[in-house]
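Peer 1: Residue numbers (the UniProt record's numbering), protein chains in the order written: chain G, 120 to 346; chain U, 120 to 346; chain A, 120 to 346. Backbone N, C-alpha and C fix where the C-beta goes; we use that ideal spot for every residue, glycine too. Remember, predicted model here, so these are calculated numbers, not experimental data.
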Amino acid sequence: VAAEAPDQAAEKPAGGAAAFETLLVTTEDNITTICLNRPTKKNAITVEMYNEIIKALELAGKDDSVITVLTGSGDFYCSGNDLNNFTKIPEGGIEKMAKDSGELLSQLGQSPEGCSSYTFPKMMGLAKASEMLLFNKKLTATEACERGLVTEVFPDSSFQTEVWTRLKAYGKLPRNSLALSKQLVRGVEKERLHAVNDQEVERLVERWLSDECMNAIMSFFQAKAKL
Amino acid sequence: VAAEAPDQAAEKPAGGAAAFETLLVTTEDNITTICLNRPTKKNAITVEMYNEIIKALELAGKDDSVITVLTGSGDFYCSGNDLNNFTKIPEGGIEKMAKDSGELLSQLGQSPEGCSSYTFPKMMGLAKASEMLLFNKKLTATEACERGLVTEVFPDSSFQTEVWTRLKAYGKLPRNSLALSKQLVRGVEKERLHAVNDQEVERLVERWLSDECMNAIMSFFQAKAKL
Amino acid sequence: VAAEAPDQAAEKPAGGAAAFETLLVTTEDNITTICLNRPTKKNAITVEMYNEIIKALELAGKDDSVITVLTGSGDFYCSGNDLNNFTKIPEGGIEKMAKDSGELLSQLGQSPEGCSSYTFPKMMGLAKASEMLLFNKKLTATEACERGLVTEVFPDSSFQTEVWTRLKAYGKLPRNSLALSKQLVRGVEKERLHAVNDQEVERLVERWLSDECMNAIMSFFQAKAKL
């Protein structure tokens, strides 16, 4: 689920004790909504935000929520990692780069993350996965749907209505059955996904510290500067 | 292959010795057709029928058949398990529920079966698989084709002609080559599929015995009764 | 990448020392092009050609190439194995068969190869994979794209322009990052793919030596002869 959170009058903050600096967390009708709340930064994720997301998910896992929605405030879901979190980038470059977050991974000398090196080929075949992961193919929403990355695409005007109609129906499903079914569907791959993630992270750390990555980032800035 | 068996004059019963109570089993042109034969119950599957299907498949595996077709008599392929087979459902509810077999699994507090928790994510990605297995998304025939669950979709008027044209061609393919190729394609996953199936069945048994499942079934009946 | 190599004036042969009998190998803009060069035989692959392809790939892996393109000279990418490489086929039949290379595998009593018994079901689901691997379904280019076998389809008139626009952009990507990302994407499956390939090859050898295969080939020739 992407784009801004719905304007729902009856929303109430979740867990009186839990206060969040970077998130808006509300619960209603068995649905917990975690809303990234740095709209002026297009919801770029900081280390603090990562920690708060983990905390909010743990709370939602313990209360009566049937569904948890992750979304962003403002007109942008999320622009990726806030690059101010990363060291080893020359000071002058960070501001420029932050403006262009979402920039393509391999163009910056990066490598796949989030288990995409495993899940993308599984989902769409090696040819189309390579097109995205190695050659930076950008997809339209319709193409993302065709490749199995999202389930449905709506026009902006009806997005909130269509999504929340579905979410409210899902929120009424038997909670334990849903949780156990999800465990069945996901459990088979859990060990594999952790191993894949470890490998990807290890590779990313190497990449960030490499001269090639640094040069790619520098020449990216220079190209931008010329525009 | 779904829908009714073709009206083929030259059909003959398979294996003189094998008599079936709940199936029509015929063999012609190297093709064995196993037809579920309880049209008044929309071919709901009983325990007896399961045993006869196993027997019929074993026979077809031993004779000269190249292809085995599973279909149903009447205008309905199969409405799923005959719920009279299952205990632990209050007596009053069974008749109502049988009328609505095919009712959605997780709505009734159930969990995925038939290895779908493994094969669906593999085939269509986790997002679209979850939509079906957790949130009861019903597909049109065209959508089922797009997600890889079926290979082709025909209008009702030409269905039998189109399908049997293909089947008759398949029935002429070299038998051993086909069997060995099928073993290659399926063998890789056989062990995994058995493990997945064991897990799914274990989970389903828990589900059927849970209060949540019982309550979901009861509220399903009450909703129906109000209509 | 398929079809003929581009008419590029600035191309130069790769590695002065490496001479190839059956291939044209050129390198330009970090892109090595390996072009199968038996246009009069529709680039049917001989044992010598296999050895030269291996050698050319090893050279491209060691030099500065970022991308390696495999294509064919003339208007045909490749018609498959040159059947003159295979013994156990009666002398009279080889010429006829060579003309029809690309003939369907299971119709000739063969079985899947090139890891397709594993990669096809993974990519498109078991139903559609079986349709191709067991029942010889031929795909249009558009269908191949929908099933994930290719990433894009172009009309013949713009094919070279479209493909080379992409390749030249890919050739400018950071080399190490690309290689490491490719290793990530492919590494997970490498062991599995070798095991699958071993099984497929073993099965193919059995098939080629079987009476069924021989009979299927013979009846294929007879059917052709009657046309």
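Give a yes or no on whether 8 Å exceeds the smallest Cβ distance from Tyr196 (chain U) to chain G.
Peer 2: One-based indexing of the second sequence puts residue 196 (chain U) at position 77. No, no contact with chain G.
Peer 1: For Glu321 (chain U), is the classification buried or exposed, using 16 other Cβ atoms within 10 angstroms of its Cβ as the cut-off for buried?
Peer 2: Reading the second sequence from its first residue, position 202 is the one you call residue 321 (chain U). Per the 10 Å Cβ criterion, exposed.
Peer 1: Using a Cβ-Cβ cut-off of less than 7 Å, give me the residues of the stretch 262 to 285 of chain G that come near chain U, in sequence order.
Peer 2: Per Cβ criterion, the list reads Gly267, Leu268, Val269 and Thr270.
Peer 1: In chain order, what residues of the stretch 149 to 179 of chain U put their CB closer than 8 Å to some CB of chain G?
Peer 2: Taking 8 Å as the Cβ-Cβ cut-off against chain G, none of the residues of the stretch 149 to 179 of chain U qualify.
Peer 1: By the 7 Å beta-carbon criterion, what residues does the stretch 303 to 322 of chain U contribute toward chain G?
Peer 2: From the stretch 303 to 322 of chain U, only Val315, Gln318, Glu319 and Arg322 have a Cβ closer than 7 Å to chain G.
Peer 1: If Leu258 (chain G) and Cys197 (chain G) are in contact, beta carbons under 8 Å, what's the gap, nearest whole angstrom?
Peer 2: Along the first sequence, read from residue 1 onward, the residue named residue 258 (chain G) stands at position 139. Along the first sequence, read from residue 1 onward, the residue named residue 197 (chain G) stands at position 78. So it is not a contact: roughly 17 Å between Cβ atoms.
Peer 1: By Cβ distance below 7 Å, which residues in the same chain neighbour Leu252 (chain G) in space, the five residues on each side in sequence not counted?
Peer 2: Working through the first sequence from its first residue, we reach residue 252 (chain G) at position 133. Result list for Leu252 (chain G): Pro231, Ser235, Ser236 and Phe239, in chain order.
Peer 1: Is Lys256 (chain G) close to chain U? Criterion is C-beta to C-beta, closer than 8 Å.
Peer 2: If you number the first sequence from 1, residue 256 (chain G) lands on position 137. No, Lys256 (chain G) does not count as interfacial toward chain U.
Peer 1: Nearest chain A C-beta to Cys332 (chain G) closer than 8 Å, yes or no?
Peer 2: Your numbering for residue 332 (chain G) matches position 213 in the first sequence. So yes, Cys332 (chain G) belongs to the interface.
Peer 1: Where does the unbroken alpha helix (DSSP H) through Val272 (chain A) begin, and where does it stop?
Peer 2: One-based indexing of the third sequence puts residue 272 (chain A) at position 153. Note, Val272 (chain A): premise wrong, no alpha helix (DSSP H); not H, not E.
Peer 1: Just verifying my parser: in three-state terms, what is the DSSP assignment at Cys332 (chain U)?
Peer 2: On the second sequence, residue 332 (chain U) is found 213 positions in, with the first residue counted as 1. Note: Cys332 (chain U) maps to helix in three-state DSSP.
Peer 1: For Cys154 (chain G), name the three-state secondary structure that DSSP assigns.
Peer 2: Locating residue 154 (chain G) in the first sequence gives position 35, where the first residue counts as 1. Residue state, collapsed to three classes: strand.
Peer 1: Straight-line CA distance for Leu312 (chain G) to Gly306 (chain G)?
Peer 2: Locating residue 312 (chain G) in the first sequence gives position 193, where the first residue counts as 1. Locating residue 306 (chain G) in the first sequence gives position 187, where the first residue counts as 1. Approximately 10 Å, taken between the alpha carbons.
Peer 1: Buried or exposed for Thr190 (chain U), going by 16 or more other Cβ atoms inside 10 Å?
Peer 2: Working through the second sequence from its first residue, we reach residue 190 (chain U) at position 71. Thr190 (chain U) is buried by the Cβ-count criterion.
Peer 1: Give the secondary structure of Asn162 (chain A) by DSSP, where H, G and I count as helix, E and B as strand, and everything else as coil.
Peer 2: As a first step, residue 162 (chain A) must be located in the third sequence, where it is residue number 43. Three-state DSSP puts Asn162 (chain A) in coil, outside helix and strand.
Peer 1: Quick one: using the 10 Å Cβ neighbour count with 16 as the cut-off for buried, is Pro274 (chain A) buried or exposed?
Peer 2: Here residue 274 (chain A) refers to the residue found at position 155 of the third sequence. Exposed, because fewer than 16 other Cβ atoms sit within 10 Å of the Cβ of Pro274 (chain A).
Peer 1: Quick check: Gly199 (chain G) and Ile164 (chain G), are their CB atoms within less than 8 Å of each other?
Peer 2: The residue you call residue 199 (chain G) lines up with position 80 of the first sequence. The residue you call residue 164 (chain G) lines up with position 45 of the first sequence. Contact flag set, yes.
Peer 1: How many whole angstroms separate the CB atoms of Thr151 (chain U) and Ala179 (chain U), which I take to be in contact at a CB cut-off of 8 Å?
Peer 2: Mapped onto the second sequence, residue 151 (chain U) falls at position 32. Mapped onto the second sequence, residue 179 (chain U) falls at position 60. Correct: roughly 4 Å between the Cβ atoms.
Peer 1: Given 7 Å as the limit, tell me if Thr141 (chain G) has its C-beta closer than that to any heavy atom belonging to the ligand NAD.
Peer 2: As far as ligands go, the structure on display features none, and thus does not contain the ligand NAD.
Peer 1: Identify the contact partners of Ala246 (chain U) in chain G, using a Cβ-Cβ distance below 8 Å as the criterion.
Peer 2: For the purposes of this step, residue 246 (chain U) is taken as the residue at position 127 of the second sequence. The answer, in chain order, is Gly267, Leu268, Val269 and Thr270.
Peer 1: When the distance is taken between beta carbons, is Gln229 (chain U) closer than 8 Å to Ser296 (chain G)?
Peer 2: In the first sequence, residue 296 (chain G) corresponds to position 177, counting from 1. In the second sequence, residue 229 (chain U) corresponds to position 110, counting from 1. It is a contact, given that the beta carbons lie within the stated cut-off.
Peer 1: Does the CB of Asn295 (chain U) have a neighbour CB from chain A at under 8 Å?
Peer 2: The residue given as residue 295 (chain U) occupies position 176 in the second sequence. So, interface residue.
Peer 1: Based on the DSSP output, what are the partners of Glu147 (chain U) in its beta bridges?
Peer 2: As a working mapping, residue 147 (chain U) is identified with position 28 in the second sequence. Beta-bridge pairing links Glu147 (chain U) to U:Ile150.
Peer 1: Can you name the residues that DSSP bridges to Thr187 (chain U)?
Peer 2: Stepping through the second sequence from its first residue, residue 187 (chain U) is reached at position 68. Paired residue(s): U:Thr151.
Peer 1: If I follow the unbroken alpha helix (DSSP H) through Gln231 (chain A), where does it start and stop?
Peer 2: Translated into positions along the third sequence, residue 231 (chain A) becomes position 112. Just to set this straight, residue 231 (chain A) is Pro in the shown sequence, not Gln. No alpha helix (DSSP H) holds Pro231 (chain A); DSSP gives it neither H nor E.
Peer 1: Could you spell out the range, first to last residue, of the alpha helix (DSSP H) harbouring Phe239 (chain U)?
Peer 2: To locate residue 239 (chain U), count along the second sequence from 1; it is residue 120. From DSSP, the alpha helix (DSSP H) with Phe239 (chain U) extends over Ser235 to Leu252.
Peer 1: With a threshold of 8 Å between beta carbons, is Ser249 (chain A) in contact with chain G?
Peer 2: Along the third sequence, read from residue 1 onward, the residue named residue 249 (chain A) stands at position 130. It does not: the Cβ of Ser249 (chain A) has no partner Cβ on chain G nearer than 8 Å.
Peer 1: Leaving out five residues on either side along the sequence, give the residues of the same chain with a beta carbon under 6 Å from the beta carbon of Met168 (chain A).
Peer 2: Reading the third sequence from its first residue, position 49 is the one you call residue 168 (chain A). Thr141.
Peer 1: Along the alpha helix (DSSP H) that carries residue 358 (chain A), what are the first and last residues, could you check?
Peer 2: Any question about residue 358 (chain A) goes unanswered here, given that chain A covers just 120 to 346.
Peer 1: Hey, does Ser300 (chain A) have any beta-carbon neighbour from chain G nearer than 8 Å?
Peer 2: Counting from one through the third sequence, the residue named residue 300 (chain A) turns up at place 181. At least one chain G Cβ lies under 8 Å of Ser300 (chain A).
Peer 1: Determine the DSSP secondary structure at Asn200 (chain A), reduced to helix, strand or coil.
Peer 2: As a position in the third sequence, residue 200 (chain A) is number 81, starting the count at 1. DSSP places Asn200 (chain A) in strand when its eight states are reduced to three.
Peer 1: Going residue by residue through the stretch 277 to 341 of chain U, where are the continuous alpha helix (DSSP H) segments of at least 4 residues, counting only ones entirely within it?
Peer 2: Runs found: 294 to 327.
Peer 1: Of all Cβ atoms in chain U, is any one closer than 8 Å to the Cβ of Ser338 (chain G)?
Peer 2: The residue you call residue 338 (chain G) lines up with position 219 of the first sequence. Taking Cβ atoms only, chain U never reaches closer than 8 Å to Ser338 (chain G), which makes this a no.
Peer 1: In the structure shown, what three-state DSSP assignment does Leu258 (chain U) receive?
Peer 2: The sequence position of residue 258 (chain U) within the second sequence is 139, counting from 1. Correct three-state label for Leu258 (chain U): coil.
Peer 1: Using the beta-carbon count (16 or more within 10 Å), is Ile173 (chain A) buried or exposed?
Peer 2: The sequence position of residue 173 (chain A) within the third sequence is 54, counting from 1. That one is exposed.
Peer 1: Do the CB positions of Leu286 (chain G) and Val188 (chain G) come within less than 8 Å of each other?
Peer 2: Taking the first sequence and counting its residues from 1, the one referred to as residue 286 (chain G) is at position 167. Taking the first sequence and counting its residues from 1, the one referred to as residue 188 (chain G) is at position 69. It is a contact, given that the beta carbons lie within the stated cut-off.
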